[in-house]
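Student:
Residue numbers (our numbering), protein chains in the order written: chain A, 159 to 402; chain B, 159 to 402.
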């Protein structure tokens with residue numbers, strides 16, 4: 159038996175997210191079906207993250223076990239020929255049998271893209287969040303600093319998600335601006351449910367003057383979801399990289 | 159009667175191009191239908207360019223004449239509420255009655271985007287042309303220089319298009335590289351049918367070593383379509399700006 163690690167890019171626009179569901183098409187199902195056509199056996203793949211509907215990935219990682227004699231590096235092209243245009247296997251490789259895409263992960267980087275202009279957005283609308291009112295970029299940049307470090311981020315998760323602890327360590331959070339486009343890059347050892355989107359929404363509200371940049375520390379410390387900003391739309395989010 | 163100038167952004171992925179057709183949905187038809195819902199009269203809009211299926215625009219210009227009392231600058235928001243998500247009116251303004259989006263145009267800038275990497279592309283696939291083999295960027299940059307100036311570009315048009323002359327002046331043609339993404343910017347007083355896509359295809363073939371960068375001058379001078387490169391796919395093309 160071999161354990162195969164896949165690195166995957168996808169455009170999440172037309173999917174109900176990563177994880178297999180009964181009545182909706184998901185990315186996991188598409189990839190499993192494609193692999194099954196090659197190995198002629200039932201396959202179950204494990205993803206590093208369960209991205210929501212509309213979220214994209216440049217570097218999603220997943221793994222599956224197989225007795226197939228297909229050389230590990232050949233899976234890339236073989237699966238790609240079975241997949242639709244909006245899912246791409248970037249790399250396939252053999253890894254030790256105990257490698258688990260989710261549990262072995264040491265951290266992840268996400269990117270969140272904002273288009274800040276008054277006018278309606280047509281191009282890239284599926285890869286961004288549109289904010290019409292002018293954002294104060296330097297306030298947003300300053301607010302980033304207070305997120306960095308080891309904190310209890312329970313104010314930045316959608317309630318109902320059951321995790322043992324909401325303590326996470328953000329090792330990097332910074333913004334890049336190119337004209338009307340603002341990109342937020344965030345790296346942490348793990349993320350709570352909707353954490354990146356709520357941090358993005360909070361930073362947008364700082365940029366709009368609805369949340370004061372000085373208040374980020376106390377919002378984190380008080381740990382109340384209602385003090386943080388809105389959950390920014392899934393379209394702006396891309397899973398960039400998973401670390402092992 | 160007023161003459162209204164519109165500046166338009168659109169994602170051409172789901173349209174059979176700009177110009178109205180009988181059996182296919184076009185951008186012109188969508189915008190005309192939206193305006194007619196507002197002004198309650200038959201409207202015909204004139205576009206600066208007839209972009210092909212799959213081609214996008216950030217700064218398409220069009221004009222239409224109307225007796226409506228709607229203030230010119232209000233047309234933007236009014237039309238946007240009637241349009242689908244992938245078409246956006248960026249600006250609406252009154253212009254002199256003799257303004258004609260096509261005939262009054264003094265020039266245009268297009269951008270052509272190439273993603274140069276071995277791996278399959280999922281994200282941005284509708285906004286780019288994917289080239290798997292490694293492109294020689296400096297050869298492509300050098301080849302750009304010989305296109306600039308006033309030349310007969312008959313080698314760079316799709317045959318069958320009837321125009322009085324194929325002499326055009328390219329005032330700028332340059333490339334920008336950011337990792338795996340190469341953007342080609344081209345500005346001219348006018349473009350022949352498929353001219354940007356054939357120049358993009360020719361530059362790609364220079365980058366692949368299939369056409370020598372030293373041969374661009376003679377390809378232009380000989381004027382034979384078969385000497386130039388392939389017509390690169392429409393997905394990579396964006397009409398950036400029209401000058402008046």
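Just so you know, even glycine gets a beta-carbon here, dropped at the ideal spot from N, CA and C.
#1: Identify, in the order they occur along the chain, each residue of the same chain with its Cβ nearer than 6 Å to the Cβ of residue 356 of chain B, setting aside the five sequence neighbours on each side.
#2: Which runs of the alpha helix (DSSP H), 4 residues or longer, sit entirely within the region 231-281 of chain B?
#3: Drop a sphere of 10 angstroms on the beta-carbon of residue 295 of chain B, count the other beta-carbons inside from all chains shown, and report buried for 16 or more, exposed for fewer.
#4: Select from the region 205-222 of chain B all residues with a C-beta closer than 7 Å to any C-beta belonging to chain A, and list them in chain order.
#5: Among B:328, B:176 and B:382, which has the Cα closest to the Cα of residue 168 of chain B?
#6: Keeping to the same chain, check which residues put their C-beta closer than 6 Å to that of residue 286 of chain B; ignore five residues upstream and five downstream.
#7: In three-state DSSP terms, what is residue 221 of chain B?
#8: Could you name the residues of chain A that residue 238 of chain B contacts, counting a contact when the two beta carbons are closer than 7 Å?
#9: In terms of DSSP beta bridges, what is residue 182 of chain A paired with?
#10: For a contact meaning CB atoms closer than 9 Å, what does residue 169 of chain A contact in chain B?
#11: Which word fits residue 255 of chain A, buried or exposed, when buried means at least 16 other C-beta atoms lie within 10 angstroms of its C-beta?
#12: So, does the region 366-384 of chain A touch the region 300-318 of chain A, judging by three or more C-beta pairs under 8 Å?
#13: Can you tell me the Cβ-Cβ gap for residue 259 of chain A and residue 284 of chain A, rounded? I've got them flagged as a contact below 8 Å.
#14: Taking 9 Å as the threshold (C-beta atoms), are residue 217 of chain A and residue 334 of chain A in contact?
#15: Tell me the rounded alpha-carbon separation between residue 308 of chain B and residue 264 of chain B.
#16: Taking 9 Å as the CB-CB cut-off, is residue 246 of chain A touching chain B?
#17: Going by beta carbon distance, what residues of the same chain come within less than 6 Å of residue 267 of chain B, once the five residues before and after it are set aside?
#18: Do residue 293 of chain B and residue 365 of chain B have their CB atoms nearer than 9 Å?
#19: Using a Cβ-Cβ cut-off of 6 Å (strictly less than) and excluding sequence neighbours within five positions of residue 279 of chain B, which residues of its own chain qualify?
#20: Find the nearest neighbour of residue 214 of chain B within the set B:401, B:392 and B:402, judged by alpha-carbon distance.
#21: May I ask you to report which of helix, strand or coil DSSP gives residue 389 of chain A?
#22: Would a C-beta distance cut-off of 9 Å place residue 192 of chain B and residue 240 of chain B closer than the cut-off?
#23: Would you kindly work out how many angstroms separate the C-alpha atoms of residue 229 of chain B and residue 347 of chain A, rounded to a whole number?
#24: Name the one or two DSSP bridge partners that residue 287 of chain A has.
#25: As a quick exercise: from B:275, B:247, B:376 and B:358, pick the residue whose alpha carbon is nearest that of residue 188 of chain B.
#26: Can you give me the start and stop residues for the beta strand (DSSP E) that residue 326 of chain A sits inside?
#27: From which residue to which residue does the beta strand (DSSP E) around residue 396 of chain A run?
#28: Just list the alpha helix (DSSP H) runs in the region 163-210 of chain A, keeping only unbroken ones of 4 residues or longer that don't cross its boundaries, in chain order.
Tutor: So, from the data block:
#1: Within the second chain, the letter at position 198 stands for residue 356 of chain B. Correct list, in chain order: 314, 386 and 389.
#2: 233-240
#3: Along the second chain, read from residue 1 onward, the residue named residue 295 of chain B stands at position 137. Per the 10 Å Cβ criterion, exposed.
#4: 214 and 216
#5: Within the second chain, numbered from 1, the residue matching residue 168 of chain B stands at position 10. When each option's Cα is compared against that of residue 168 of chain B, the closest is B:176.
#6: For this step, residue 286 of chain B is matched to residue 128 along the second chain. Excluding positions up to five away in sequence, the list reads 271, 273 and 394.
#7: What you label residue 221 of chain B is simply residue 63 of the second chain in a count that begins at 1. Correct three-state label for residue 221 of chain B: strand.
#8: By 1-based counting over the second chain, the position of residue 238 of chain B is 80. Near residue 238 of chain B (Cβ distances below 7 Å), the residues of chain A are 278.
#9: Translated into the one-based positions of the first chain, residue 182 of chain A becomes position 24. Residue 182 of chain A pairs with nothing; no bridge assigned.
#10: As a first step, residue 169 of chain A is located in the first chain; it is residue number 11 there, counting from the start. Per Cβ cutoff of 9 Å: 280, 281, 282, 283 and 284.
#11: Along the first chain, read from residue 1 onward, the residue named residue 255 of chain A stands at position 97. Residue 255 of chain A comes out exposed.
#12: yes
#13: The count along the first chain starts at 1 and reaches residue 259 of chain A at position 101. The count along the first chain starts at 1 and reaches residue 284 of chain A at position 126. Going by Cβ atoms, the distance from residue 259 of chain A to residue 284 of chain A rounds to 26 Å, so no, they are not a contact pair.
#14: For the purposes of this step, residue 334 of chain A is taken as residue 176 along the first chain, with counting starting at 1. For the purposes of this step, residue 217 of chain A is taken as residue 59 along the first chain, with counting starting at 1. No, these two residues do not count as a Cβ contact at 9 Å.
#15: Here the question's residue 308 of chain B lines up with position 150 in the second chain. Here the question's residue 264 of chain B lines up with position 106 in the second chain. Each residue's alpha carbon lies about 15 Å from the other.
#16: The count along the first chain starts at 1 and reaches residue 246 of chain A at position 88. True, the Cβ-Cβ gap to chain B drops below 9 Å.
#17: One-based indexing of the second chain puts residue 267 of chain B at position 109. Here the set comprises 345, 398 and 399.
#18: Reading the second chain from its first residue, position 135 is the one you call residue 293 of chain B. Reading the second chain from its first residue, position 207 is the one you call residue 365 of chain B. Going by C-beta atoms, residue 293 of chain B is nearer than 9 Å to residue 365 of chain B.
#19: For the purposes of this step, residue 279 of chain B is taken as residue 121 along the second chain, with counting starting at 1. 273 and 288, listed in sequence order.
#20: In the second chain, counting from the first residue as 1, residue 214 of chain B sits at position 56. Minimum Cα distance to residue 214 of chain B is reached at B:392.
#21: Numbered from its first residue, the first chain carries residue 389 of chain A at position 231. Coil at residue 389 of chain A, not helix or strand.
#22: Sequence index remark: in the second chain, residue 192 of chain B carries index 34 (1-based). Sequence index remark: in the second chain, residue 240 of chain B carries index 82 (1-based). Yes.
#23: Position 71 of the second chain, counted from the start, is the residue given in the question as residue 229 of chain B. Position 189 of the first chain, counted from the start, is the residue given in the question as residue 347 of chain A. Near 54 Å, if we compare the C-alpha coordinates of residue 347 of chain A and residue 229 of chain B.
#24: Locating residue 287 of chain A in the first chain gives position 129, where the first residue counts as 1. Paired residues: A:272.
#25: What you label residue 188 of chain B is simply residue 30 of the second chain in a count that begins at 1. For the residues B:275, B:247, B:376 and B:358, the minimum Cα distance to residue 188 of chain B belongs to B:247.
#26: Position 168 of the first chain holds residue 326 of chain A. Residue 326 of chain A -> beta strand (DSSP E) spans 325-336.
#27: Position 238 of the first chain, counted from the start, is the residue given in the question as residue 396 of chain A. First-last of the beta strand (DSSP E) with residue 396 of chain A: 395-401.
#28: 185-197
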